[in-house]
Ligand SMILES: Cc1cc2nc3c(=O)[nH]c(=O)nc-3n(C[C@H](O)[C@H](O)[C@H](O)COP(=O)(O)O)c2cc1C
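In the working numbering, the protein residues as written are 246 to 457.
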């Protein structure tokens, strides 16, 4: 009897916190997007390209990265390396090189830096043999969702990392990230406090089919 009461209490707490597991004790109501914190977070996330000047707290960055490395990975190989940069000197001096090569980028009146203006950047590297990219994507999704749940905005970034890996002048900045020899920079995620709330871009539901 005691065990049963405890089970009901736990189910009640999970339901209230919006963390009830799928199936089992979860009621139909808790699966609605309004009451499920995870689903709400997923559906509310948008790429942010305009941020306030507020720096991101280190504790939040640490938590975001912790969520990242808790992503699943094939055979738990964890084929990623992660570097977090919130040093404005690094970001601004690399941006100066970027602007020299891409002067049009700075014409945008909202332009602050090459990482879509984010005050903190998480760099993600995958093995040079081409493996691990799927795992790195899952790592990143965990991080953008964790950031969203903490009131932060993010933007996954491919273009700035292509500049970093293909431009001789950017090489010292890449080197400073200190990735292992058998790892290469794959993409980055800009993080900061959002100063915009863009509409969701349309999603093509015809790409999904249920096969009966
Ligand atoms: C692998 C990847 C690379 C991306 N690279 C860039 C980029 O270089 N610059 C940028 O502004 N957005 C970039 N994005 C963000 C996408 O443009 C954005 O996710 C997409 O338009 C959907 O919008 P949403 O994230 O607001 O739903 C990238 C996203 C992914 C997943």
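Just so it is clear, CB atoms sit at the ideal spot from N, CA and C, and this is done for glycine as well. Computed from a prediction, not measured in an experiment: that's the story for all the values here.
- DSSP, reduced to helix, strand and coil, places residue 284 within a helical segment of the structure shown.
- Sixteen is the threshold: since fewer than 16 other Cβ atoms of the shown chains lie within 10 Å of the Cβ of residue 288, the residue is exposed.
- Just so you know, the alpha carbons of residue 365 and residue 457 end up roughly 46 Å apart.
- With 16 or more other Cβ atoms from the protein chains shown falling within 10 Å of its own Cβ, residue 424 counts as buried.
- The Cβ-Cβ distance between residue 348 and residue 428 does not fall below 8 Å.
- Remark: C-beta atoms of residue 358 and residue 340 approach each other more closely than 8 Å.
- Residues of the same chain with a CB within less than 8 Å of the CB of residue 412, apart from the 5 flanking positions on each side, are 342 and 346 in chain order.
- Between residue 300 and the set 323, 313, 330 and 291, the nearest pair of CA atoms involves 330.
- In this structure residue 354 is exposed. Its beta-carbon is surrounded by fewer than 16 other beta-carbon atoms within 10 angstroms.
- Contact between the region 304 to 322 and the region 387 to 396 is established, with three or more Cβ pairs separated by less than 8 Å.
- Here residue 428 carries a strand assignment [DSSP, helix/strand/coil].
- When only Cα atoms are considered, residue 336 and residue 362 end up about 10 Å apart.
- Nearest C-alpha to residue 426 among 318, 306 and 374: 374.
- Contact between residue 293 and residue 399 holds: CB atoms are separated by about 6 Å, below the 8 Å threshold.
- Look at residue 402: its beta carbon is less than 7 Å from one of the heavy atoms in ligand 1.
- When C-alpha distances from residue 448 are compared across 291, 303 and 395, the shortest belongs to 291.
- The DSSP-derived three-state label of residue 456 is coil.
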